[in-house]
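Here the structure comes first, spelled out in structure tokens, and everything after it is commentary.
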Amino acid sequence: MGFIVGVVIGFVVGFAIIVLFVRNENTRSKLRNDLATTVAAFARMTVEDSRKILPADFYPSWVVFSQRQKLTWLNQHLTKIWPYVDEAASDLIKTSVEPVLEQYRPIILSSLKFSRFTLGTVAPQFTGVSIIEDEADSVTMELEMQWDANSSIILDIKTYLGVSLPVQVKDIGFTGVFRLIFKPLVNEFPCFGAVCFSLRKKKKLDFTLKVIGGDISTIPGLSDAIESTIRDAIEDNIMWPVRKIIPILPGDYSDLELKPVGILEVKLVQARDLTNKDIIGKSDPYAVLYVRPLPDKTKKSKTINNELNPIWNEHYEFVIEDATTQHLVVRIYDDEGVQASELIGCAEVLLRDLEPGKVKDVWLNLVKDLEIQRDTKYRGQVHLELLYCPFGMENGFTNPFSSNFSMTSLEKVIKSGANGIDAIENEKAVTQKKKEVIIRGVLSVTVISAEDLPIVDLMGKADPYVVLTMKKSEAKHKTRVVNDSLNPVWNQTFDFVVEDGLHDMLILEVWDHDTFGKVNSFSYGTVKSFLFLGHTNFVWFLNQTMQ
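Quick note on the UniProt record's numbering: the sequence shown kicks off at 1 and runs consecutively.
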């Protein structure tokens, strides 16, 4: 009987296992089929389909939808003909580049020429091409190129001390985007009058300098001087918006040459919450600003010692050649004295985002690298006021950053009403302007001294100090205490960031410091803070309010 029961149970259990196994296999087969169908659907998707399914905000910063097309066929042909290109182009490039190097030659060198120049055996690779929608009478093409060259380049360098050194430029690595402009389009073969070429974007440029048979570090500063010369020559001669024009058909192509199109006015106001780079104390920040990173076109602010919330309030001007592609770069450094400065963070503003003739007030987050923004660490913010003034707007536009420009339209109304009757007529306009106008800036206050303060201490004179407060923001500063004096001298300067200068109020209170008892306030005074009016001296008569 037990044997029969065991057989039945075994049969039932075995049958159940077989059923579960078959069902599981069917389910897995269905999942595999669904997965294959999904993969096939994704394989047929285009970039536009991907953007429709998932908005751009959901993609990480390193995902890029490239509009460039592959150029495998061009790279294959270029590899085949590269030995001939090397032989034909080396002498031409050498002859063309030597005058440029001589122009940017460091002052410590008496001569800078090539003793050998070959492009090497490794051909550059074009990784993509794109057509830019531009003017109707031109065709703009951008080619992305990558080149890890094995070029043989030797510079013959001579110093004023009579020392001659052969310096080899090796391990060249370059990645960038070249722009070609075919303009104007004509009805005569080859259908365009001239070609403009320029280095639109320089993503990477690395190389190594080595003295043949010696060490380049034996002459201090030589390596940095040569490297700076090469980079400045590239930046100033071929980097966009600079362009080289090659006429194809006879004609006047002066309109293709590089020309300034406007002025960018920049007010570097302040920075806040900067990362501290110093182990002892705080960072000593300063700012470097540029549109084109050339030594004579780069602006540097003053250094604010031991401060993570520096206030500069400095004004700069930059010449703009192409407002559609150029951008302003701000880099904040920690001044390390005799050592190299350490980067705190950087930020950029695209000029195409600025409305001509309108001031833009921005706070920019600082990042570690402008090209690769994978680092999400908070490094602080920088505050800028920007104004782009295209040439030709002068007649209908007044620059608020100009030195001869009155503070606001309110001040114009006040000045125009200086003669009694006009003042009465403009009283309503003045009141209305005060309500509408908002002025932002930095108010710098120097507390110099006080005179004839009343005696409040029973055993002496007074121990006065001053408290300065902005009414709206409630920002406060306090002077030091001057013991036992009724005519104290402080000579201390304080800076306030004012967001609404016409409607805010600066309150000054003079207090008597009591070490063992209650602090007494015996007088105070108030004054409205107007910005951008230059340096003004005030003498206030304090209201005595004994408490």
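Note that beta-carbon positions come from the ideal geometry of N, C-alpha and C, so glycine has one too.
Just how far apart, CA to CA, sit residue i and residue j?
{"i": "Q146", "j": "I154", "result": "22 Å"}
{"i": "E342", "j": "I108", "result": "27 Å"}
{"i": "S152", "j": "D171", "result": "10 Å"}
{"i": "L119", "j": "V85", "result": "9 Å"}
{"i": "G337", "j": "K202", "result": "30 Å"}
{"i": "I304", "j": "R480", "result": "21 Å"}
{"i": "W490", "j": "E314", "result": "26 Å"}
{"i": "H477", "j": "L350", "result": "37 Å"}
{"i": "T140", "j": "I132", "result": "5 Å"}
{"i": "V5", "j": "V19", "result": "21 Å"}
{"i": "I246", "j": "Q168", "result": "31 Å"}
{"i": "A233", "j": "T95", "result": "15 Å"}
{"i": "R243", "j": "S198", "result": "5 Å"}
{"i": "C196", "j": "A136", "result": "16 Å"}
{"i": "F3", "j": "L31", "result": "42 Å"}
{"i": "L308", "j": "F318", "result": "27 Å"}
{"i": "P124", "j": "V177", "result": "12 Å"}
{"i": "T208", "j": "A340", "result": "20 Å"}
{"i": "A347", "j": "D334", "result": "15 Å"}
{"i": "V359", "j": "V367", "result": "24 Å"}
{"i": "L180", "j": "F494", "result": "54 Å"}
{"i": "Q492", "j": "L354", "result": "39 Å"}
Looking at the structure shown, is residue i part of a helix, part of a strand, or coil, going by DSSP?
{"i": "I172", "result": "strand"}
{"i": "Q11", "result": "Reading the sequence as shown, one finds Phe at residue 11 and not Gln. Helix, per DSSP."}
{"i": "W82", "result": "helix"}
{"i": "E235", "result": "helix"}
{"i": "F207", "result": "strand"}
{"i": "I53", "result": "helix"}
{"i": "R23", "result": "helix"}
{"i": "A475", "result": "coil"}
{"i": "I226", "result": "helix"}
{"i": "T38", "result": "helix"}
{"i": "P99", "result": "helix"}
{"i": "D91", "result": "helix"}
{"i": "residue 550", "result": "Residue coverage of the chain in this structure runs from 1 to 547, which leaves residue 550 outside it and unanswerable."}
{"i": "L370", "result": "coil"}
{"i": "K158", "result": "strand"}
Use the C-beta contact count for residue i: other C-beta atoms within 10 angstroms, 16 or more gives buried, fewer gives exposed.
{"i": "N419", "result": "Its pLDDT being 42, under 50, N419 is placed unreliably by the model, and the measurement read from it follows with that caveat. That one is exposed."}
{"i": "G193", "result": "buried"}
{"i": "D369", "result": "exposed"}
{"i": "C389", "result": "buried"}
{"i": "F126", "result": "buried"}
{"i": "I17", "result": "exposed"}
{"i": "K70", "result": "exposed"}
{"i": "T121", "result": "exposed"}
{"i": "K259", "result": "exposed"}
{"i": "residue 553", "result": "Lying before the first or after the last residue shown, residue 553 is absent from the chain, which here runs from 1 to 547."}
{"i": "F21", "result": "exposed"}
{"i": "V7", "result": "exposed"}
{"i": "W73", "result": "exposed"}
Answer yes if the segment 97-112 comes into contact with the segment 149-168, meaning at least three C-beta pairs across the two stretches below 8 Å, and no otherwise. yes
Contained beta strand (DSSP E) runs [length at least 3] in the UniProt domain "C2" (243-364), N- to C-terminal order: 244-247, 262-272, 285-290, 311-320, 327-334 and 342-350
Would you call the segment 262-273 and the segment 384-394 touching, i.e. three or more CB-CB distances under 8 Å? yes
Contiguous beta strand (DSSP E) assignments of at least 3 residues, all confined to the segment 120-148: 125-132
Check whether the segment 454-467 touches the segment 505-516, taking contact to mean three or more Cβ pairs, one atom from each stretch, closer than 8 Å. yes
Say whether the segment 313-328 touches the segment 277-295, bearing in mind that this needs 3 or more beta-carbon pairs closer than 8 Å, one atom from each stretch. yes
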